[in-house]
Amino acid sequence: MTATEMLLDAVDLARAAAQEEAGVERVGAHVGVQDEDEYSVTHLFEADHAGYRGWSWAVTVAHAGEGTPVSVSEVVLLPGQDALVAPEWVPWSERVRAGDLGVGDLMPPREDDPRLIEAYVHSDDPAIEEVALEIGFGRTRVLSREGRIDAADRWAASDFGPRSDMARSAPAHCGTCGFYTRVAGAFGAAFGVCANEIAPADGHVVHVDYGCGAHSQVEVDISPMVPVADLVYDDAQLDVLDVSE
1432 MTATEMLLDA VDLARAAAQE EAGVERVGAH VGVQDEDEYS VTHLFEADHA
1482 GYRGWSWAVT VAHAGEGTPV SVSEVVLLPG QDALVAPEWV PWSERVRAGD
1532 LGVGDLMPPR EDDPRLIEAY VHSDDPAIEE VALEIGFGRT RVLSREGRID
1582 AADRWAASDF GPRSDMARSA PAHCGTCGFY TRVAGAFGAA FGVCANEIAP
1632 ADGHVVHVDY GCGAHSQVEV DISPMVPVAD LVYDDAQLDV LDVSE
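Everything in the sequence shown is counted per this note's numbering, starting at 1432 for the first residue and increasing by one.
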């Protein structure tokens, strides 16, 4: 018997090794063989291990040469195409989402954060350039064009953007409201801060086309809901006329 035949025929040896590794869990049917090289192959068995649906026991057997028996080289569990596996690992800095930061937590930006740019580089924001020129220095890092676009897209899609339910039912837009305070710089073309304590957006950045029921020009019709007639009959008292005479 050739070495290849001996390796392919070592199903029972491979199953025994898989069963020893599986313990009390049953090793399923033999489902295939994978060639590794001319001296080894891997036998695959269904894994009935709890929580490992779609996985297989992979037992690699090897032959060291003429006159030597086939031996077990490695026993592992391998996932199949339909296996339930852990999601790809994501660095913690990329897992943090808005609202995750608590009191005392620190979240430094990445060194290569595309939202920020060195302040001595042209910031592409006229308001920042004007201030930096006037006082001779500026902040270490400022928002880049990409950072501003990213923020603007996020704010426009928020609950205080033009497509929110509140905005669609509002009588008028923030841009015409007396409580709308436009922000400086490039954001000022489309965003401001609401200064109405009654409004749901008070203290929040709002889109110029956002709106709510607390608009400064809102007028409430205080006329009676039921029209009052000019002639009113008082039927609280009845005058009885005796017509029997």
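Yeah, the Cβ is synthetic: ideal placement off N, Cα and C, and Gly gets one too.
Around the CB of Trp1523, fewer than 16 other CB atoms lie within 10 Å, so the residue is classed as exposed.
Residue nearest to Val1492 within the set Thr1435, Ile1580, Ser1647 is Thr1435 (criterion: CA-CA distance). By DSSP's assignment, Phe1476 forms a beta bridge with His1461, Trp1488.
For Glu1549, no alpha helix (DSSP H) run applies; the uninterrupted beta strand (DSSP E) run containing it begins and ends at 1547–1549, by DSSP. Rounded to whole angstroms, the gap between the alpha carbons of Glu1519 and Thr1612 is 44 Å. Taking C-beta atoms as the reference points, Pro1545 and Met1597 fail to come closer than 8 Å. In its chain, beyond the 5 residues on either side, Ser1487, Ala1489 have a beta carbon closer than 6 Å to the beta carbon of Leu1509. Contact between Val1503 and Ala1453 is ruled out by a C-beta separation of about 14 Å, above the 8 Å threshold. Annotation: the continuous alpha helix (DSSP H) that includes Leu1444 extends over 1442–1453. Taking the Cα positions, Asp1513 is about 20 Å away from Thr1473.
In chain order, Arg1484, Gly1485 place their CB closer than 7 Å to the CB of Leu1515, counting only its own chain and leaving out the 5 sequence neighbours on each side.
Annotation for Ile1629: Ala1645 place their beta carbon closer than 8 Å to its own, counting only its chain and skipping 5 residues before and after.
Ala1583 is the residue among Ala1583, Asp1443, Met1437 whose C-alpha sits nearest the C-alpha of Val1639. Between Ser1589 and the set Thr1607, Arg1541, Gly1642, the nearest pair of CA atoms involves Gly1642.
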